[in-house]
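Below: one structure, written as structure tokens.
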């Protein structure tokens with residue numbers, strides 16, 4: 008196997024991993040950001056449907072992270 012072929016295989020492998028890694032990282036960062044938003048800003052009265060629960064804040068944060076990197 009030539010060096011050019013090896014480099015091409017590595018490049019194809021890296022592109023495939025990048026397609027999976029970026030959305031997963033974006034969702035994870037969004038989940039953390041959603042929880043931090045709930046913890047520091049949140050809604051004390053409970054009348055805010057998104058920020059009254061940490062689960063909904065983290066879900067919306069993860070969704071926003073995924074939407075930022077999806078095409």
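In the numbering used here, the protein residues as written are 8 to 78.
We put the CB at the ideal spot given by N, CA and C, even for glycine.
In this text the structure is predicted, and so the values were computed from the model without any measurement.
Task: Residue burial classification, residue 47 (beta-carbon count within 10 angstroms, cutoff 16) - done: For the purposes of this step, residue 47 is taken as the residue at position 40 of the chain shown. Looking at its Cβ environment, which holds fewer than 16 other Cβ atoms inside 10 Å, residue 47 is exposed.
Task: Among 30, 65 and 42, the one whose alpha carbon lies nearest that of residue 74 - done: The residue labelled residue 74 in the question sits at position 67 within the chain shown. From the listed residues 30, 65 and 42, the smallest Cα separation to residue 74 is found for 30.
TODO: Jot down the residue ranges of each uninterrupted beta strand (DSSP E) in the segment 8-34, minimum 3 residues, whole runs only, in chain order.
DONE: none
Task: Range covered by the alpha helix (DSSP H) that runs through residue 67 - done: Against the chain shown, residue 67 aligns to sequence position 60. Where residue 67 is concerned, the enclosing alpha helix (DSSP H) stretches over 61-76.
Open item on the list: Please state whether the Cβ-Cβ distance between residue 60 and residue 44 is less than 9 Å.
Closed with: Position 53 of the chain shown, counted from the first residue, corresponds to residue 60. Position 37 of the chain shown, counted from the first residue, corresponds to residue 44. No, these two residues do not count as a Cβ contact at 9 Å.
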